[in-house]
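*Asks:* One structure coming up, written as structure tokens, with questions to follow.
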């Protein structure tokens, strides 16, 4: 048993209701707050609007999430997969587990996936640092020959190493479309502090439609944590399943916070 395992020895799962609250409860030694299912790490140096649906907008969720910036982390370091980030993520993850009681760790940028395997190996909770980790599961649901259309903020940063860390072993099943140079969406990457939300939505939807012209697309996957606000519009335009960070985080929450069923038989 590792030191981390010992510190988690008194971790307790369980849904408390007025009908079942007369039960023994316990807390991990050193834990200071509770009630958070998902921890979300993010780039500290950002400057743009985070509208509802964005991973870092609290109104996106109907359950509590714990958000923490990775100290000193800048976008260019993450996009270039600076290996020193891994230790920062592990330290922050350990803090969120031990002091704040999170049950699973995710992030607010798909390029945190470069550190998926090393962070998952170091922490004693499930880890899903990139929306791209959903790709093998999505592929298994599609018809043979169908591809997954991936919308990303920066196609150049979708390296073979990133894909391998997210358990994606081939590019054959994906078609990637980049919004890095879209006039309004680029405000996010360039930290302009504002954008026209309607124009951004149009740019993202048009990129999704372009994917359909390039291949037989069976589903859309949004790499970028700033794209979920437009998932509904993408689905309306493409008539396809749309997966993103929010579908991932809700899936993680449901798995780690099972609720009792009620009803008659």
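Numbering (the numbering used here), first residue to last: 1 to 265.
Even for Gly, the Cβ is constructed at its ideal location relative to N, Cα and C.
Predicted, not measured: the structure shown is a model, and the values here were computed from it.
What are the residues that DSSP puts in a beta bridge with residue 222?
*Replies:* For residue 222, which the question treats as bridged, DSSP gives the partners 151.
*Asks:* Closer than 8 Å is the cut-off here; do at least three beta carbon pairs connect the stretch 104-115 with the stretch 129-141?
*Replies:* Contact between the stretch 104-115 and the stretch 129-141 is present, because at least three Cβ pairs lie under 8 Å.
*Asks:* Can you confirm whether the stretch 160-176 touches the stretch 140-149 when touching is taken to mean that 3 or more C-beta pairs between the two stretches lie within less than 8 Å?
*Replies:* Contact holds: three or more Cβ-Cβ distances are below 8 Å.
*Asks:* For residue 88 and residue 118, I'd like the C-alpha separation in whole angstroms.
*Replies:* Residue 88 and residue 118: Cα-Cα distance of roughly 12 Å.
*Asks:* Whose CA, out of 230, 218, 73, 15, lies closest to the CA of residue 145?
*Replies:* Nearest C-alpha to residue 145: 218.
*Asks:* Please identify the residue among 37, 65, 28, 135 whose C-alpha is closest to the C-alpha of residue 259.
*Replies:* When only C-alpha atoms are compared, the closest one is 37.
*Asks:* Alpha carbon to alpha carbon, how far is residue 229 from residue 202? Give it in angstroms, no decimals.
*Replies:* Roughly 12 Å between the two C-alpha positions.
*Asks:* Inspect the CB distances between the stretch 208-226 and the stretch 58-76 and report whether three or more fall short of 8 Å.
*Replies:* Verdict: no, contact absent.
*Asks:* Mind checking which residues open and close the alpha helix (DSSP H) that includes residue 198?
*Replies:* Segment 197-214, the alpha helix (DSSP H) holding residue 198.
*Asks:* Taking the alpha-carbon positions, what's the residue 165 to residue 113 distance?
*Replies:* One C-alpha to the other measures close to 6 Å.
*Asks:* Using a Cβ-Cβ cut-off of 8 Å (strictly less than) and excluding sequence neighbours within five positions of residue 133, which residues of its own chain qualify?
*Replies:* Excluding positions up to five away in sequence, the list reads 113, 116, 166, 167, 248.
*Asks:* In this structure, does DSSP put residue 1 in helix, strand or coil?
*Replies:* Note that residue 1 scores a pLDDT of 44, beneath 50, so its modelled location is shaky; the value from the coordinates is reported in the next line. DSSP places residue 1 in coil when its eight states are reduced to three.
*Asks:* Out of 65, 236, 85, which has the shortest C-alpha to C-alpha gap to residue 100?
*Replies:* Residue 100 has its Cα closest to that of 65, out of 65, 236, 85.
*Asks:* Determine the direct distance from the alpha carbon of residue 86 to that of residue 253, and round the result to whole angstroms.
*Replies:* When rounded, the distance between both Cα atoms is 24 Å.
*Asks:* Compare the Cα-Cα distances from residue 210 to each of 224, 187, 179, 185 and report the closest residue.
*Replies:* Of the candidates 224, 187, 179, 185, the one whose C-alpha sits nearest the C-alpha of residue 210 is 179.
*Asks:* When the Cα atoms are used, what is the spatial distance from residue 157 to residue 81?
*Replies:* Answer to the nearest angstrom: the Cα atoms are 9 Å apart.
*Asks:* Using a 10 Å radius around the Cβ and a threshold of 16 neighbouring Cβ atoms, would you call residue 12 buried or exposed?
*Replies:* Looking at its Cβ environment, which holds fewer than 16 other Cβ atoms inside 10 Å, residue 12 is exposed.
*Asks:* Sort 54, 60, 46 by Cα distance to residue 70 and report the nearest one.
*Replies:* If we check each option's Cα against that of residue 70, 46 comes out closest.
*Asks:* Less than 8 Å between the C-beta atoms of residue 208 and residue 237, yes or no?
*Replies:* Yes, the pair counts as a contact, with Cβ atoms nearer than the cut-off.
*Asks:* Should residue 59 go down as buried or exposed, given a rule of 16 or more other Cβ atoms within 10 Å for buried?
*Replies:* Answer is exposed; the Cβ neighbour count stays below 16.
*Asks:* Work out the CA separation of residue 104 and residue 125 for me, nearest whole Å.
*Replies:* For residue 125 and residue 104, the distance between alpha carbons rounds to 5 Å.
*Asks:* Which parts of the stretch 27-83 are runs of the beta strand (DSSP E), unbroken and 3 residues or longer, counting only runs that do not cross its ends?
*Replies:* Here the runs fully enclosed are 38-43, 65-70.
*Asks:* Within the same chain, show all residues whose beta-carbon is closer than 6 Å to that of residue 33, passing over the 5 residues directly before and after it, in chain order.
*Replies:* Correct list, in chain order: 100.
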